[in-house]
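Residue numbering for the sequence shown follows this note's numbering, beginning at 83 and increasing consecutively.
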Amino acid sequence: MNTQVRTRISAYAIAMEDDRLLLARLSDASPVFTPGLWHLPGGGIDPGEQPVEALARELLEETGLELAGARLLDAP
Numbered sequence: 083m084n085t086q087v088r089t090r091i092s093a094y095a096i097a098m099e100d101d102r103l104l105l106a107r108l109s110d111a112s113p114v115f116t117p118g119l120w121h122l123p124g125g126g127i128d129p130g131e132q133p134v135e136a137l138a139r140e141l142l143e144e145t146g147l148e149l150a151g152a153r154l155l156d157a158p
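Put into structure tokens, the structure is as follows:
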């Protein structure tokens, strides 16, 4: 039995306008999480990529929006 655990660091956006929060819905092609669930736009940071670069890439891929600015809110 293989019990290997893989860890991937990710970056997610809390994108708001007025009192609205932007959420993305996972597609049927979601490789990790249950398709159809709502989540914050974002995803895994590729090797050698800075978190803000990953966030900008993921936000553009998932929503078509360009990152205007970002700041770190939390990191465990």
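Note that the Cβ used here is the ideal one computed from N, Cα and C, for glycine as well. Because the structure is a prediction, the values reported are computed rather than measured.
Check, Outcome
"Should the region 150-157 be called in touch with the region 107-118, which here means at least 3 C-beta pairs below 8 Å?", "no"
"Taking the DSSP output, what are the residues bridged to Ala-97?", "In the DSSP output, where bridge partners are listed per residue, Ala-97 has none listed."
"Can you tell me which residues form a DSSP beta bridge with Gly-151?", "Gly-151 is not bridged to any residue."
"Considering only the beta carbon of each residue, do Pro-123 and Leu-141 sit closer than 8 Å?", "yes"
"Can you give me the start and stop residues for the alpha helix (DSSP H) that Arg-139 sits inside?", "133-145"
"Assuming Leu-137 contacts Leu-119 (C-beta within less than 8 Å), just tell me the rounded distance between them.", "Not really, about 20 Å apart at Cβ, beyond 8 Å."
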